Structures are given as structure tokens and as C-alpha cells.
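Right, one structure below, let's go through it.
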Amino acid sequence: METLPHDAALLIVDLQKAIDDPRWSHAGPRNNPQAEANVAALLAAWRRDGRPIVHIRHDSTDPASAYRPGSPGHAFKQEAVPLPGETVFGKRVNSAFIGTALDEWLRGRGIGTLVVAGVITNNSVEATVRMAGNLGYDVRLVADACFTFARHDRSGRLRTADEVHDLSLANMDGEYAAVVETAEVLG
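For the sequence shown, position 147 matches number 147 in the UniProt record's numbering, and the numbering has no gaps at all.
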């Protein structure tokens, strides 16, 4: 495992069944089909070593959203189901730090290093990582444990999921986080 403080927290963002809703892939397929397996490997390592784990769950207030509490999509994906005793924060906006007690929870435990995985790279993951960096956390963003979808840019050109993902990672790398791969974190 990469040399990280023992109290480095694994933060898994929005890895819920709603992400498989066809609405997300309307412009094209997602990238990183191995992302869930990589999240599972990270979780297994953190659980084995007794490190802190935080699950972030999107609790949409939109009645039509697949992320709405009570809908099937609101549940965590199989690879990321929290175990008893693991911390879960529900959020209503993109950043896991807005409207939650995440920052207070982390600081109250003296946690200064975060290892972040989840979805969507250019949405909730990026918003959370940027905020974490701004708040002074030392962040590792695990590129192959995140994914996104193809989307059109402002000129109407279709950008592949890999392009969207890579540009989002480039936006964060070096300023808000160090972008790493699962194998680097697990050593």
C-alpha cells in the first residue's frame, strides 16, 4: 500500500444503483468498466487494516430522480455496500462537504488525508475533491476507481467518457489532489 497515514480515510462518492440508470448513458457509454472492482479492492484493504471508511450517498430531492430516497436506485451498488459501523453521509448537492457534517467528522478524528473514489468523475467526485483540497486535506484521487459518461461539449462535439474523465482528472491533479491508480494505493 502507498505510504499513507494509518488514519487516511477512504471516501466513496455516490456509488449507488442509480448510476446504472439509462439516463446517464444517453450520449454514450461510460469509461472504466473495472471501477467497481477497484472500489471493492480498496474497501477490502481498508477494512482489513481497520482504516476509516466514509460512504457518501446522494439523496436527491427531485421526485423523478433515480437517486431519490425510497427508490431502488438510492441503494448502494453491491461492491460498495457499507458494513455496520462504517460512516455514511447523505448529501443533496454535488459536494460531499456541503450540507453535511463530513468536514467536522474528519477533523474531529484528526483525519487529514483522503483517498477518493466513486462517481461521476466530472460531477460529484470533482466537486468533492476540489472542496477537500480547498479545505486543506491531502487528497489522493483514484482514477481507475472512478468513472463518467460521454457528453457533448459547448460546440456540440461528442466527447468520449475517457476524454471527459481525463480532462476532469487534469483539472484536479496537482492543485486539489494527486491522481493515482488503485495499484499504486494498494502497493
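Note that CB positions come from ideal geometry on N, CA and C, so glycine has one too. Since the model is a prediction, treat every value here as computed from it, not as a measurement.
Asked: Within the segment 106-184, ranges of the alpha helix (DSSP H) (whole runs, at least 4 residues); Found: 126-134, 161-172
Asked: Extent of the continuous beta strand (DSSP E) to which R23 belongs; Found: Looking at the DSSP string, R23 is not in any beta strand (DSSP E), and its letter there is neither H nor E.
Asked: Cα-Cα separation, E79 to L15; Found: 8 Å
Asked: Status (buried if at least 16 other CB within 10 Å, exposed otherwise) for N31; Found: buried
Asked: Whole-angstrom distance between S155 and L114, CA atom to CA atom; Found: 36 Å
Asked: 8 Å Cβ cutoff, F97 in contact with chain C; Found: Going by chain labels, chain C is absent from the structure shown, which holds only one protein chain.
Asked: Straight-line gap, H6 to R47 (C-alpha atoms, nearest Å); Found: 12 Å
Asked: Backbone secondary structure at A37 - three-state DSSP; Found: helix
Asked: For A45 and D144, the rounded distance between their alpha carbons; Found: 16 Å
Asked: Span separating the alpha-carbon of D62 from that of R68; Found: 7 Å
Asked: Close Cβ partners of S168 (< 8 Å) along its chain, the five nearest in sequence each way excluded; Found: T121, N122, V125, E126, T148
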